[in-house]
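K.L.:
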Amino acid sequence: MIRAFPLLAALCLPCLAAAQDLRLPGNAVATYQEAGAPNTLMIATGPWTDGAVPNAIAEGTVAQGAWKISVAGLTTLQILQPLRDQLLADGYTEIFTCEGDACGGFDFRFALDVLPPPDMQVNLGDFRYWAGAKDGDKGPEHTVLLISQIARAAYVQIDRVSNDGDLGRVSSRGSSVVAATAPSSGSANSAPPTDMATALTQIGRAVLTDLSFVPGSSDLADGPYTSLETLAAYLRAHPDLQIALVGHTDSAGSLEGNISLSKRRARAVRQRLIDSYDIPGRQLAAEGMGYLSPVGSNLTEAGRDANRRVEAIVTSTEAN
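Under this note's numbering, think of the first position of the sequence shown as 54, with each following residue one higher.
Below you can see the structure in the form of structure tokens.
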């Protein structure tokens, strides 16, 4: 579902002297909070289309925060509704909202300024985006909500922009939230209880740690690779699952070159899974991020080595 409205430079709505204080469920735990500072924030105004996310830039005092709600089986709408209702009641008007594939899936999510894991986790098969604006005393105020559901938790990122420096507070003072339905107890078709299976099930992503590429090349050595064997077993046990294989590099070289290299490496892994493990191509996508999503410091050899990786990211529970 997608709804979009024009970005608001000034709204003909009553203004409040103070920014809205948002209330999260009482069982939400903050994983990251950044005090407001002068900056800019990209506001998506539509879904990924023609190779980009249409957007507007909000300028002012910007603050970001993330929260985790450790309850299995939560829905993203269950988390979004009360936050959205608070903002609309405060005079906000919706700019744009979308869900999962309707947003543009992988491409939309990676165009956003998302806090890195473990502070914020995004399941590409189950996330919602909401952006709104209102007229403040000194100009427009903006709030962006990104909500994702992982098997055993929901994650919420809240970005706020104000021109008068008052961003309001976000507190865990609302009623505790529980799952809309009881979580599944599993089935006989579950994948083997390996670390990778646990990571894919619980957080929706896992690094293929033992892959070996020729330096500066997308050529994948012959192997064998335990990570591919484990991933193939997981995909066979979950034939309706889709994943994206996402390549990453260190920061040596140009961004364009590294994105191309990382995508070629992801494609090589995808082809190996198809050719050597008989995994249907419909379950696999290949993407490349270059050096845009590091997990370590590119100032150290250990960090650069960690950044050179291919990840498997769950993007959907239903293959087309």
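Each residue gets a CB set at the ideal place from its N, CA and C atoms; glycine is no exception.
Mapping DSSP to helix, strand and coil, what is Gln-202?
P.N.:
The sequence position of residue 202 within the sequence shown is 149, counting from 1. If DSSP states are grouped into helix, strand and coil, Gln-202 belongs with the strands.
K.L.:
Is the region 248-263 touching the region 354-369 in the sense that three or more CB pairs, one from each, lie closer than 8 Å?
P.N.:
Touching, yes, given that three or more Cβ pairs across the two stretches are closer than 8 Å.
K.L.:
Name the DSSP bridge partner or partners of Met-173?
P.N.:
As a working note, residue 173 is residue 120 in the sequence shown. Its beta-bridge partners do not exist; DSSP assigns none.
K.L.:
Terminal residues of the continuous beta strand (DSSP E) containing Ala-105?
P.N.:
As a working mapping, residue 105 is identified with position 52 in the sequence shown. Per DSSP, Ala-105 belongs to no beta strand (DSSP E) and is neither H nor E.
K.L.:
For Asp-358 and Asp-248, what's the separation of their Cα atoms in angstroms?
P.N.:
Residue 358 sits at position 305 when you count from the first residue of the sequence shown. Residue 248 sits at position 195 when you count from the first residue of the sequence shown. Using only the alpha carbons, I get a separation of about 21 Å.
K.L.:
If you reduce the DSSP assignment to three classes, tell me which class Asp-358 lands in.
P.N.:
For this step, residue 358 is matched to residue 305 along the sequence shown. It is helical.
K.L.:
For Pro-78 and Ala-186, I'd like the C-alpha separation in whole angstroms.
P.N.:
Residue 78 sits at position 25 when you count from the first residue of the sequence shown. Residue 186 sits at position 133 when you count from the first residue of the sequence shown. Roughly 23 Å between the two C-alpha positions.
K.L.:
Let me know the secondary structure DSSP gives Ile-256 once reduced to three states.
P.N.:
Locating residue 256 in the sequence shown gives position 203, where the first residue counts as 1. Residue state, collapsed to three classes: coil.
K.L.:
When DSSP builds the beta bridges, which residues end up paired with Thr-114?
P.N.:
As a position in the sequence shown, residue 114 is number 61, starting the count at 1. Pro-91, Ser-215, per the DSSP bridge assignment.
K.L.:
Contact between the region 333-348 and the region 309-325 is defined here as three or more beta-carbon pairs at a separation below 8 Å; is this criterion met?
P.N.:
Counting Cβ pairs under 8 Å, three or more are found: they touch.
K.L.:
Which same chain residues, not among the five before or five after Arg-205, have their C-beta less than 6 Å away from its C-beta?
P.N.:
In the sequence shown, counting from the first residue as 1, residue 205 sits at position 152. So the qualifying residues of the chain are Ala-125, Gln-255.
K.L.:
Taking the straight line between their C-alpha atoms, what separation do you get for Arg-137 and Leu-168?
P.N.:
Here the question's residue 137 lines up with position 84 in the sequence shown. Here the question's residue 168 lines up with position 115 in the sequence shown. C-alpha separation (whole angstroms): 21 Å.
K.L.:
Below 8 Å on the Cβ atoms is my guess for Gln-210 versus Met-173; work out the distance and round it to an integer in Å.
P.N.:
As a working mapping, residue 210 is identified with position 157 in the sequence shown. As a working mapping, residue 173 is identified with position 120 in the sequence shown. Between Met-173 and Gln-210 the Cβ distance is about 5 Å, and since that is below 8 Å, they are a contact.
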